[in-house]
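In the numbering used here, the protein residues as written are 968 to 1068. Cβ coordinates follow ideal geometry from the N, Cα and C atoms, glycine included.
Right, here's the structure in full:
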């Protein structure tokens, strides 16, 4: 379990906490609440929350492309999505990390 403390203006802290709740790799167990007065005044606030880290399984794709000269280019992608668009068109998207780039 992780303990996270967030300090700042109420609006910024609230925005950050909403983004944190939307992250699938974290499960928010509890958090301190902000009052209506905090929201009205955009006061300096402190939120303490407890969360669990839930590692996500990432889909890995190995993409092979053939050039017109016959060479083959191999690309490993994370979180890939493959969509057949029709008429021989395929849309492929994902994340590629080049450690030498």
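DSSP places residue 1007 in the uninterrupted alpha helix (DSSP H) bounded by 1003–1008. Selection 1008, 1009, 1024, 1016 evaluated against residue 991 yields 1024 as nearest (Cα-Cα). Residue environment for residue 980: buried (at least 16 other C-beta atoms within 10 angstroms of its C-beta).
Residue 990: not part of any beta strand (DSSP E); DSSP gives it neither H nor E.
The shortest CA-to-CA distance from residue 1017 to any of 996, 1008, 1045 is the one to 996.
Beta-carbon to beta-carbon, residue 1066 and residue 1030 are separated by about 18 Å, too far to satisfy the 8 Å threshold. Counting only the Cα atoms, residue 1043 lies some 33 Å from residue 984. In this structure the segment 1027–1041 does not lie against the segment 997–1010, because fewer than three pairs of beta carbons, one per stretch, are closer than 8 Å.
Residue 1032 and residue 1047 have their alpha carbons spaced roughly 15 Å apart.
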